[in-house]
Every structure is written in structure tokens, then in C-alpha cells.
Amino acid sequence: CDLVYEHAARALNNSLSHNELFLMPVWRFLGRAMWLFRGSALPKTVAVLTLVLAALIAMFVVKIDLDLEANGTLQPKTQRQVFAHVDGEVAEVFVDHGDTVKAGQPLMRLRNRELEIEIAGLQGQLEETQKQIDTLGELIRRSVSDPLEQSRLIGQQEEYLTRRDTIEAQLELLREKEAQLIRTSPIDGVVMDWKLKERLRARPVVTGQVLVNVADPTGDWELELLMPEKRMRYLDDALVQSHGQPLPVEYILSTNPAVTHTGKLTPDAVEARAELDPEAGAIVKLRVQLDSMEGVSRRPGAEVIADVNCGKRSAAFVWFHEVVEWVQANLLF
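Numbers given in the working numbering equal positions in the sequence shown, counted from 1, plus 1.
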């Protein structure tokens, strides 16, 4: 019994020591895989390894198109924004989304209470000054027999006349500001903003705030793409290598993804600064010129998915560059 116990303990100890050897699972796996290189399995193994090696080499040798994908919208090329020129609130909105407007047509009326108070105050001063002028005029007519008194009254009247001119000039400036409270369309076109009345009526606005966008749907159209900033270095390289020539663009409409349309991206159609989009994150806006409007619905804001062709790169780079960048940014940095 003791002999059996001794042999069993020695065997168990040897087994544990064997399993604790460095990289033992790897060596065990390699040992089991050696059958692939023996006998009839060897030709098949060599053939498979040759194909894998050829595929790997081809991935780095064969060049394919590097297409950068970006989401965007279809927009009329001629668009204008209408801004608030003073702080205030929106008193009335005369148009809504999709309405056709003419240049100079009122779109909305703003209200500025401080301006109203200033105008009312100047009007009161003007009326009081005019009363003084009229009173002095009557006194001047009655003082014909007293030249000294008449001269004094004329001097006073001239002071009030000067004051009246100043008040009228101030009122004219305020009237011009008041007239600008009626915001008008700068061009013939269509109102682009959705639910304009619900969004703006009785709401406060600040100077420089965009109130409404008007676009001309009868003119040329373009794509407004939101290219992720992380892909911009490849786009910038392609634009430099194109020597000023436009890059080809293919896009599909979300409403009809079966049909592919084409366009061109010129170097001057890339915005110089990045923006923060609530959904897409850091993006750079691109404006793509369309080759044709055939089969493209003239619906402002229609969603598109576009591919900007940035030349040819190795297949390995095209397929795996984003994976490599993710590893570099999230694991290695």
C-alpha cells in the first residue's frame, strides 16, 4: 500500500511540474498540430499556407479605391439666412415651413420694448418742444414794439428749433431700427425651417441669431456632407495629390438607395474649420457639386450617404486602417 502511495505521489508531482513549464499549452498545441506536416496531410497544408501567404502579399500589393464615407443632406445651392439685428422677442410669424416667398416679403415681426420706450420718450419731447416753439412764435409776434424783447424771444426760439432738429434726427434713426423689426426675405425661394411658428412665436431672440433660412429650389443643388474629422487627413492628402482637380463622389439617397448618383468635390468646397455635431461628433463640412439632377428629387434636406474617392491604396490599408487607428488611440496611447 505504501509503495502504491509513493508511486502515485511521484507521478502526480511530475505531472504538476510538467504543466508548470513555460508556455506549456502552446508547446502542447504545436505538438498536436504536427500531424499537419506529416504523411498525406503535408501537401494540403503546404497548399493552404501558400494560399494564405499569397493572400497576405496581395493585400499589400493590390491597390483598390479608398472611399471615405460621409452622411449628409441634399440642399439648394442658393440659400440665405435671416438674422435678428436687435435683442427682443418674436411678435408675429407670417410664414411656415415650405412656404414660397418673394424677395422683400415680410417673414416675421420682432418686438423690442426698449426701442418702443425710446421712441415714445422722444415723441413726447418732440411734442413739448414744438409747443414751446409755437408759444415763442406767438410771443414774438406780440413783441413787435419792443425790439430787445423780441430779439431775446427769437434767440430762445432758435434754441428750441435746434433741439427739435436733434430730436427728429434721433427719431429717424429709431424709426429705421423699428422698420428693421420686420424681417423680410432676401431672395425668392422657399422657407426651409421646420415648425417655424411653433419654434419662434413669442420667443426671445438675441442679436445675430439665425431666425429663418430661405433657399431657391429652382437653381443648382449640392450635397452638404459631414465628414468625420478623423478621416480628414486622407481627404487632405488626396486633394493635394489631385493638384487642384476635383475628387469624384458617389452618393445614394436614403429614399432610393438602389440608384447611385455622382458629383465632384473641389478643394475650395472643404470648410477650413471643424465643427461639433450633436450626433456625428467632430466633423468638417463638405459641399459637393452634382453632376446631374436626373432622378434626384428636389426636396431640401433629403438624407444621403456619400463616398468620396481619395485615390488608390493597398487593400490592407483600405480594409484595416480604421482598426489600426482605433488600437493606436484606445490601447496604445
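Ideal placement from N, C-alpha and C gives every residue a C-beta, glycine not left out.
- With respect to the 8 Å criterion, residue 123 and residue 197 are not classified as neighbours on the basis of their beta carbons.
- As DSSP reads the structure, residue 112 sits in a beta bridge with 90.
- Ranked by Cα distance from residue 191, the options 72, 234, 78, 228 are led by 78.
- Residue 237 carries a helical assignment under DSSP once its states are collapsed to helix, strand and coil.
- Per DSSP, reduced to three states, the secondary structure at residue 286 is strand.
- Leaving aside the five residues that flank residue 151 on each side, the residues in its chain whose CB is nearer than 8 Å to its CB run, in chain order, 141, 144, 145.
- Nearest to residue 308 by alpha-carbon distance, out of 293, 134, 214, 67, is 67.
- Counting along the chain, residue 198 sits inside the alpha helix (DSSP H) bounded by residues 197-201.
- For residue 76, the enclosing beta strand (DSSP E) begins and ends at 64-77.
- As the crow flies, the alpha-carbon of residue 169 is around 10 Å from that of residue 163.
- Taking the Cα positions, residue 210 is about 37 Å away from residue 311.
- In the structure shown, residue 210 adopts coil according to DSSP, grouped into three states.
- Looking from the CA of residue 93, the closest CA among 82, 101, 218, 107 belongs to 107.
- With a cutoff of 8 Å on beta-carbon distance, residue 215 and residue 328 are scored as not near each other.
- Under the three-state reduction of DSSP output, residue 60 falls in the helix class.
- Distances from the CA of residue 194 to each of 186, 278, 213, 230 were compared; the closest alpha carbon is that of 213.
- Going by C-alpha positions, residue 102 is about 9 Å away from residue 185.
- If you check the CB distance, residue 297 and residue 262 come in under 8 Å.
- Within its own chain, the residues whose Cβ lies closer than 7 Å to the Cβ of residue 119, once the five positions on either side in sequence are excluded, are 175, listed in chain order.
- For the 8 Å CB-CB criterion, residue 74 and residue 239 do not form a contact.
- Here the alpha carbon of residue 279 sits roughly 25 Å from the alpha carbon of residue 251.
- DSSP places residue 232 outside any alpha helix (DSSP H), giving it a letter other than H or E.
- The residue from 71, 99, 110, 81 with its alpha-carbon nearest to that of residue 90 is 110.
- Residue 190 is bridged by DSSP to 102.
- Taken atom to atom, the span from the alpha-carbon of residue 48 to that of residue 322 is near 29 Å.
- For residue 185, the enclosing beta strand (DSSP E) begins and ends at 183-185.
- Counted as a single uninterrupted DSSP element, the alpha helix (DSSP H) harbouring residue 323 occupies residues 316-328.
- Residue 52 has no beta-bridge partner at all, per DSSP.
- The three-state secondary structure of residue 279, taken from DSSP, is coil.
- Taking the C-beta atoms as reference points, residue 233 is found nearer than 8 Å to residue 285.
- With fewer than 16 other Cβ atoms inside 10 Å of its own Cβ, residue 242 counts as exposed.
- CA-to-CA, the gap between residue 217 and residue 56 works out to about 52 Å.
- Residues 186, 187, 188, 189 of the same chain have their beta carbon placed closer than 7 Å to that of residue 104, with the five preceding and five following residues left out of the count.
- For residue 171, the enclosing alpha helix (DSSP H) begins and ends at 148-180.
- By the beta-carbon neighbour count (other beta carbons within 10 angstroms, threshold 16), residue 264 is buried.
- With respect to the C-alpha of residue 227, the residue from 71, 54, 249 having the closest C-alpha is 71.
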